[in-house]
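Residues in the sequence shown are numbered consecutively from 148, following the working numbering. Yeah, the Cβ is synthetic: ideal placement off N, Cα and C, and Gly gets one too. Notes for the one structure printed next.
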Amino acid sequence: NLSDEELKKLAEQEAKEEVITVTGSTIERKTLTTPAPLTILNRDHLNASGRATVGDIIQQLPAQSNAINAQINNGGDGSTRVDIRGLGSARTLTLLNGRRLVPGGTGADASVDINSIPLAVIERVEVLKDGASAIYGSDAIGGVVNIITRTDFNGTEASIYTGGAAAGDGFTYDASFVTGHNSENKKGN
């Protein structure tokens with residue numbers, strides 16, 4: 148049996164430890180910074196991949212499926228598309244520095260030819276492997292690929308890459324020349 152004084156102390160303690168559960172809120176949510184399945188390929192990953200184009204690198208990701216590639220086979224035209232989750236390349240949104248990239252390739256295509264972006268100017272690639280149609284619209288149902296370019300490059304860089312298959316076919320080459328200059332007032336590169 149508890150005394151009146153002990154009951155009073157217990158009641159005060161329970162009142163101080165009150166739990167509030169929020170079931171709905173009008174507080175804004177940072178939709179673009181919430182946890183999501185995001186893959187980031189930085190410059191070191193891109194260079195170590197042994198591939199000549201960013202499209203060929205992205206196509207090696209497990210979430211990507213059956214989009215056409217730079218090899219002219221299986222109905223391909225030499226362009227490289229990204230198709231996350233197998234929903235069609237028109238349902239994977241491609242961004243360049245966070246802005247929509249114009250679809251391109253041969254004819255009137257509904258998706259971006261990733262090979263139009265030189266690998267040498269890319270800093271990193273962010274791949275959102277989850278549907279983002281609530282944010283970006285129906286062209287992001289499969290996911291989003293955001294290609295970030297190098298903005299702090301100062302100097303000159305030249306590189307040549309060649310490769311081929313063991314059977315003597317599948318020869319690939321890439322030559323690039325990048326130059327950049329940072330201004331004194333840091334308003335441009």
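Cβ-based burial, ASN293 [other Cβ within 10 Å; buried from 16]: buried
Buried versus exposed call for SER236 [16 or more other C-beta atoms within 10 Å across all chains shown]: buried
Opening and closing residue of the alpha helix (DSSP H) in which ASN194 lies: 190 to 195
Cβ pair GLY289, LEU234 closer than 8 Å: yes
N- and C-terminal bounds of the alpha helix (DSSP H) containing SER280: 280 to 283
Span separating the alpha-carbon of GLY284 from that of ARG271: 24 Å
Whether THR296 touches ALA199 by CB criterion (8 Å): no
Per-residue burial, LEU275 [other beta carbons within 10 Å of its own, 16 or more giving buried]: buried
6 Å CB neighbourhood of GLU304 in its chain, flanking five on each side removed: VAL325
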